[in-house]
Amino acid sequence: ENLSVDCIATDHEAGAYKAVQHLLNLGHRRIAHVSGPRDVPSAGERRKGYITALQDHGVSLDAKLILQGDYTQHAGRWALDYLMKLANLPTAILASNDLCAVGLIERAKDRGIDVPETLSICGFDDIEYATIVSPKLTTVSQDKYELGKLAAESLLRRIRDPETEPRYIQLEPELVVRESTTVPPK
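Spelled out as structure tokens, the structure:
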């Protein structure tokens with residue numbers, strides 16, 4: 007954050023905001039979030055997008071619905087086990103990334119919970135597994151090709167002129183709606 011270097015990144019906060027807004031527009035009000043590691047800046051940005059979306063839509067924040075994860079399938083499985091112990095269950099979950107979302111879907115299947123009819127799940131990153139898992143995962147897509155292209159251009163620019171001013175570029179992510187989200191159960 008305080009380094010004078012080039013940075014090419016996805017707007018993680020905007021992506022999480024879009025995902026939560028999608029869930030809110032479907033009618034969900036109890037939306038959990040399985041966050042990424044505390045020491046990873048993108049995880050904090052995604053958590054902030056989640057919180058801001060809820061606040062902007064007048065939905066009160068329930069601290070019990072924000073869980074600390076670690077970007078793994080195991081974190082998703084653990085998070086679902088924890089959330090199912092709550093008296094007031096969530097109807098939707100924003101996972102910190104797609105691997106975590108896959109873990110959530112796996113554990114939901116193990117517990118006989120229908121995704122998306124009983125529980126909507128949204129991921130982040132749009133990895134290949136997002137279209138292989140069943141149901142296909144609604145997720146926030148990062149333009150990996152454009153990220154790589156801009157990073158390479160920045161590196162070449164810096165090689166040609168090491169004194170050039172650092173660039174900070176944020177790419178707008180896209181919400182990809184697939185099969186893992188729907189309206190909440192009645």
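Each residue of the sequence shown is one higher than the last, beginning at 7 in our numbering.
Idealized CB from N, CA, C, for every residue including glycine.
For residue i, the three-state DSSP class (helix, strand or coil)
i, result
"E51", "helix"
"L9", "coil"
"E185", "coil"
"V108", "helix"
"L26", "The question names Leu, yet the displayed sequence has Val at residue 26. Looking at V26 - three-state DSSP - the assignment turns out to be helix."
"G118", "coil"
"G33", "coil"
DSSP beta-bridge partners of residue i
i, result
"T16", "L177"
"V40", "L73, A101"
Just to confirm the assignment: which complete beta strand (DSSP E) runs, minimum length 3, are found wholly within the region 58 to 104?
72 to 74, 98 to 101, all fully within the region 58 to 104.
Report the start-end ranges of each alpha helix (DSSP H) in the region 125 to 181 that is 4 residues or longer and not cut off at the edges.
Positions of the alpha helix (DSSP H) runs, each at least 4 residues long and wholly inside the region 125 to 181, are given as 135 to 138, 150 to 166 in order along the chain.
Are the region 111 to 131 and the region 139 to 152 in contact at 8 Å, needing three or more beta carbon pairs?
yes
For the region 62 to 71 against the region 101 to 115, do three or more pairs of beta-carbon atoms, one drawn from each stretch, fall closer than 8 Å, so that the two count as touching?
no
Check whether the region 163 to 179 touches the region 84 to 104, taking contact to mean three or more Cβ pairs, one atom from each stretch, closer than 8 Å.
no
Are the region 70 to 83 and the region 24 to 40 touching by the rule of at least three beta carbon pairs closer than 8 Å?
yes
At a cut of 8 Å, does the region 66 to 80 reach the region 12 to 26 through at least three beta carbon pairs?
no
Is the region 174 to 188 in contact with the region 42 to 58, if contact means three or more CB pairs nearer than 8 Å?
no
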